[in-house]
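A.B. asks: Chains W and G, in that order, give the protein sequences. Residue 1 is where the first sequence starts when you use our numbering, and the numbers rise one by one after that. Residue 110 is where the second sequence starts when you use our numbering, and the numbers rise one by one after that.
Number of protein chains: 2
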Amino acid sequence: MGLAKTEMFTDEQNKIALFAKVFGHPARVAILQHLFKINACVCGDLVNEIGLAQPTISQHLKELKNLGLIKGTIEGTSVCYCIHPENWTAMKEVMFQFLNQDISKTDCC
Amino acid sequence: MGLAKTEMFTDEQNKIALFAKVFGHPARVAILQHLFKINACVCGDLVNEIGLAQPTISQHLKELKNLGLIKGTIEGTSVCYCIHPENWTAMKEVMFQFLNQDISKTDCC
DNA sequence: TTAATTCATTGCAATATTACGATTAATAAA
DNA sequence: TTTATTAATCGTAATATTGCAATGAATTAA
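(1) Determine, for Asn123(G), whether the minimum Cβ-Cβ distance to residues of chain W falls below 7 Å.
(2) Excluding five sequence neighbours on each side, which residues of the same chain lie with their C-beta closer than 6 Å to the C-beta of His143(G)?
(3) Expressed to the nearest angstrom, what Euclidean distance is found between the alpha-carbon atoms of Lys5(W) and Leu67(W)?
(4) Give me, in chain order, the residues of the same chain whose beta-carbon lies closer than 7 Å to that of Asn196(G); leave out the 5 immediate sequence neighbours on both sides.
(5) Under 7 Å between C-beta atoms, does Cys41(W) make it to chain G?
(6) Could you name the residues of the same chain whose beta carbon sits closer than 7 Å to that of Phe145(G), not counting the 5 residues immediately before and after it, in chain order?
(7) Check the DSSP bridge columns for Thr73(W) and list the partner residues they point to.
(8) Taking Ala30(W) and His134(G) to be in contact with their CB atoms under 8 Å, please state how far apart those CB atoms are, rounded to whole angstroms.
(9) Alpha carbon to alpha carbon, what distance is there between Gly76(W) and Ala136(G)?
(10) Alpha carbons only, please: which of Cys43(W), Glu93(W), Leu99(W), Lys92(W) is nearest the one belonging to Ala199(G)?
(11) Would you mind stating whether Cys80(W) and Cys150(G) have Cβ atoms separated by less than 7 Å?
(12) I need the boundaries of the alpha helix (DSSP H) containing Thr56(W), first residue and last residue.
(13) Considering only residues of the same chain and omitting the five flanking positions on each side of Leu161(G), which have a CB-CB separation below 7 Å?
(14) Could you round the C-beta distance between Lys21(W) and Val94(W) to whole angstroms and report it? I think they count as a contact, below 8 Å.
(15) Less than 7 Å between the beta carbons of Leu64(W) and Ile57(W), yes or no?
(16) Can you give me the start and stop residues for the alpha helix (DSSP H) that Gln206(G) sits inside?
(17) When you compare each of Leu141(G), Ile212(G), Met110(G), Pro164(G) to Ile103(W) by their alpha carbons, which one comes out closest?
(18) With distances taken from CA atoms, which of Gln97(W), Phe19(W), Cys43(W), Gly2(W) is nearest Ile74(W)?
(19) Can you tell me whether Leu112(G) is buried or exposed, with buried defined as 16 or more other CB within 10 angstroms of its CB?
What follows is the structure in structure tokens.
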């Protein structure tokens, strides 16, 4: 199939999976790291920074934007992308809760 | 293609992407949450708990096991799965570092 | 207006993922 | 031994993802 049966899971589980999925490609990880690193906003420098073709980067940026993790503003002919702070923080809350589950009881096997 | 060009990225970026990818499906999120919730180990109860067919669950468990996040021990005819505490903690370190990047400077757009 | 620049979109090929029926392997119970 | 139980593996169909060339839309420069 290639199609996840999302209706069988809770909203929280689906939300975690959606966030995780977008981090599941090294190009998107690299894009985000670069946006954090460069204090000012960045546009098509990402195409040079990362070694992929322009349409490929554009596609990855779109996915990050769709999830609300970044925002892009048009500046003349170029587009300035940067982290969306509020949404990033909200995403962190969700992911932290998942990653921080109590591990102390898991003493089996 | 459908094939990520991992050679263009750092080991860290690829590692983050690999961990994130395995969390990128709600069934695997649900499996992990259940393993955390059930203090004792769990085996094919997961098939009942989650609504997917046995081969599907088995496949998801395999991916989690391949990454070292869970471990399985044979107990008679059934297999007992549980979180791998050390590896989970190590994974958390990597993910936290990525998620916790300094957001205070990102005041653009 | 014309050309140049930047980025999004489209279309497509190659590969990956998801799900499950059927089967197999291994152990336990009768 | 025979049968049941449990879980892994195989094979396959349906869909998703990745990457890029070609193209298009929008703005700027000449």
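All C-beta atoms in this analysis are idealised placements derived from N, C-alpha and C, irrespective of residue type, glycine included.
C.D. replies: Inspection of the coordinates gives the following:
(1) yes
(2) Glu158
(3) 20 Å
(4) Gly177, Leu178
(5) yes
(6) Ile192
(7) Cys80(W)
(8) About 22 Å; that fails the 8 Å criterion.
(9) 44 Å
(10) Leu99(W)
(11) no
(12) 54 to 66
(13) Ala136
(14) Not really, about 13 Å apart at Cβ, beyond 8 Å.
(15) no
(16) 194 to 208
(17) Leu141(G)
(18) Cys43(W)
(19) exposed
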